[in-house]
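Data block below; observations after.
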Amino acid sequence: MSDKNQSRSHAQEQFLSVLSREEAIARFDAALFPREVPNEVVALAAALGRALAQDVVAPIDVPPFDRSNVDGFALRASDVATASESAPVRLSLNDEEIACGTAPKCRVAPLTATAIATGGPVPRGADAIVMIEQTEPAGLQQLDVRRAVTPGQFISYAGSDMARGETLLRAGLVIGAREIGMLAACGIAEIAVTRAPIVAILSTGDELVQPGGVLAEAQIFDTNGPIVAAAVRENGAVAQFLGAVADDEAALEAAMRAALANSDMLILSGGTSKGAGDLTHRIIARLGAPGLIAHGVALKPGKPLCLAVCDGKPVVILPGFPTSAMFTFHDMIVPVLRRMAGLPARADAKVAARVPVRIASELGRTEFVMVSLVAGNEGLLAYPTGKGSGAITSFAQADGFLRVDALADHVEAGSAAEITLLTPHLRVPDLTIIGSHCTGLDLVTAPLARAGLCVRTIAVGSLGGLAAARRGECDLAPIHLFDAKTESYNTPFLDESLTLVAGWRRMQGIVYRKDDARFAGLDAHGAVAQALGDPACLMVNRNQGAGTRILLDRLLAGARPDGYWNQPKSHNAVAAAVAQHRADWGMTIAPVAEVYGLSFLPFAEEHYDLALVRARQDKPAVQAFLHSLQSDETRAALMKAGFSPV
Ligand code: AMP
Ligand code: MG
């Protein structure tokens, strides 16, 4: 085997192994940079948000001449050195008034003055301006000056703002309104900026439907395409979103070749898992040298990230899961895109926070944990938003993220962390609600949001909410916990630091499809008896710890029908399973049954209340929440949605 072949096969082997994040970035950078950043000349008005291609040197002085800053009189300072209220100095007025835009004609001779407006050019001979308020007209063409002036008073000298030949703006600077002002002041109408790279974007997957279309069974809406297109634009590049391509090698290769021919960079998403569905990396190998740079990065979220360079153009395959796609784009692709666009590196704002809960992490992968920030008793707290990388909201609703080193397998509860913000301005919520989520809650907080208050709701379940409330990490913890001993809801779970605010009742009941004759005419107990007697009848359960699960277990009285181990974590998932024939019956709340068009047999009313942290009850946002809860408007909205306010 020749040396060349040997090194190539060695390289191929490496591609198949997972690289560390840092190694992947280093190899990608080495294959792409340095590279020329092309420029283009644009009209000043079109330059907003673009990066300057060259330094800008002032072509003229600004102001172009010595200019008066006030309405007054141009004179010689030495003439009025002794002037005061009690002993004004009398000057004779020259036969000229210098308005803005008027070039002076007369010289200001000793013991004379010339009327001048703000912005008027200072006439020859004058060395200061006295304000009109400090003078008095005195007889014909004469003026009394009541105050001494220093030489240069109220004069802006030529070039004092911008001096001809001075470097005003540096290459790479992003042009904003202020820079446009500076360029306009020097008369610059066109400016060289870096050309925005054209980024072609393709989604891959047989299951994808574009928003606006209709979902058939087993299909989902294309999320990554619109996200990446928007994020590309946010980072100064031009996005060409080309839609979704099916998982078909020939179709995908054709689409990728066409996309690459007309762009500076190609970003795909999905199809990166190693296996039968893995088409894109095979195609990349045929698209141009050097091809694959990294296939798999020890990064979470984002392990299946694929980086390639084909004929000098970056080709990136983002993971299919939206949060993984967004995060890897943000972390690894944005820096490359900005360099290609001639933009400075993004300046990430960072804040210090404490992590209130233990975070488990995978050893060997750099993990980025999306967090929501809330105000604790001592400083900021960073709550993991934790819906996983398949959830769009994990990234979309996070305030920032923290980094867990590849060598750590957890972050201890209570430890300090540095949070990188995802938005330039952190807004600490006015009201923090941590606990069990209910769509009714959104109806109560709606008036607060309309009044400009920032409300943060973090869903961690009733018990998690109570723990957070006891630790002073939130203002309110919504709970619905049934205590079997006292046969009562919520109150038995409070301690002295908390007080219960009555919320609303939610009717729990058995759901089934409207056309399922097996349950017709039965009540909840009857329906469960019927289901237990029919081996073909499949149930859907709820997760351990859910209030609904407690009710179901009481109804089942020890029975374990088929479907018992299907234990989704939400009211909606139960309804979806029944509506989509993955189960025939389950228990959920009435408003959810209604939304899914299911028949509903009422079983028990559940109490959804709020544990209020006493120490925080006087906060204006807490008061606003309590006020909303009691308002006629909110009560009507709750009732309309199927809840019974207490
Ligand atoms: P894949 O890498 O193609 O196997 O995709 C992994 C997961 O991400 C699957 O659940 C896909 O349905 C999902 N996914 C892939 N592409 C997209 C997309 N453009 N929008 C939303 N989800 C996607
Ligand atoms: Mg796919």
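Mapped onto this note's numbering, the consecutive letters of the sequence shown carry residue numbers 83 to 728. All C-beta atoms, glycine included, are put in the ideal place defined by N, C-alpha and C.
| Asked | Found |
| --- | --- |
| Which two residues bound the contiguous alpha helix (DSSP H) that contains S544? | 543–552 |
| DSSP three-state label for P727, please. | strand |
| Give the C-beta separation of T448 and L381 to the nearest angstrom, bearing in mind that I take them to be a contact with Cβ-Cβ under 8 Å. | 5 Å |
| Please state the DSSP three-state secondary structure of T196. | strand |
| Taking the alpha-carbon of G207 as reference, which of P192, A480, P219, M213 has the nearest alpha-carbon? | P192 |
| Determine the contact status of A657 and A675, defining contact as a CB-CB distance below 9 Å. | yes |
| Find the nearest neighbour of A319 within the set R436, L525, P120, G202, judged by alpha-carbon distance. | P120 |
| Starting from F450, follow its DSSP beta bridges and name the residues at the other end. | R485 |
| Ignore the nearest five residues each way along the sequence and tell me which others in L348's own chain have a CB closer than 6 Å to its CB. | A282, A341, L342, V397 |
| Using 10 angstroms around the beta-carbon of V212, count the other beta-carbons present and answer buried if the total reaches 16, otherwise exposed. | buried |
| In this structure, how does DSSP classify R509 when only helix, strand and coil are distinguished? | coil |
| What separation, rounded to the nearest whole angstrom, lies between the Cα atoms of A358 and D330? | Bear in mind that the predicted position of A358 carries a pLDDT of just 42, short of 50, making it too unreliable to give a figure here. |
| Closest by CA to G325, which one among Q705, K395, T305? | T305 |
| What does the alpha-carbon distance come out to for the pair N87 and G373? | Reliability fails at N87, whose pLDDT of 44 lies under 50, so the model's placement of it is uncertain and the value that follows must be treated cautiously. Their Cα atoms are separated by approximately 16 Å. |
| Do the region 238–245 and the region 129–145 meet, that is, are 3 or more Cβ pairs less than 8 Å apart? | yes |
| Contact between the region 443–463 and the region 476–496 is defined here as three or more beta-carbon pairs at a separation below 8 Å; is this criterion met? | yes |
| Give the straight-line distance between the Cα atoms of S168 and A185, rounded to the nearest whole angstrom. | 35 Å |
| Indicate, with yes or no, if the ligand MG has a heavy atom lying under 8 Å from the CB of E289. | yes |
| For the region 251–258 against the region 421–440, do three or more pairs of beta-carbon atoms, one drawn from each stretch, fall closer than 8 Å, so that the two count as touching? | yes |
| Grab the span of the alpha helix (DSSP H) containing T716 for me, first residue to last. | 714–722 |
| By Cβ distance, which residues of its chain are closer than 8 Å to M721, with the 5 residues on each side in sequence left out? | P727 |
| For the beta strand (DSSP E) that contains H689, what are its first and last residues? | 680–695 |
| Tell me whether R717 is buried or exposed, calling it buried when 16 or more other Cβ atoms sit within 10 Å of its Cβ. | buried |
| Quick one, are the C-beta atoms of G458 and L101 less than 9 Å apart? | no |
| Among the candidates E178, A159, V391, whose CA atom is the shortest distance from the CA of R109? | V391 |
| Leaving out five residues before and five after P574 in sequence, what residues of the same chain have Cβ atoms less than 6 Å from its Cβ? | D565, T568 |
| Is the beta carbon of P401 closer than 9 Å to that of T362? | no |
| Buried or exposed for K432, going by 16 or more other Cβ atoms inside 10 Å? | exposed |
| In terms of residue numbering, what span does the beta strand (DSSP E) encompassing H226 cover? | Before going further, note that residue 226 is Asp rather than His in the sequence given. That run of the beta strand (DSSP E) goes 224–227. |
| Helix, strand or coil for F409, going by three-state DSSP, please let me know. | helix |
| Out of curiosity, what's the CA-to-CA distance linking D137 and P146? | 21 Å |
| Between I349 and the ligand AMP, is there a pair consisting of the residue's CB and a ligand heavy atom that are separated by less than 8 Å? | no |
| Quick one: what's got a C-beta closer than 7 Å to D635's C-beta in the same chain, skipping five residues either side? | none |
| Pull up the DSSP beta-bridge partners for K432, would you. | T502 |
| How about G543 and G517: do their beta carbons lie closer than 9 Å? | yes |
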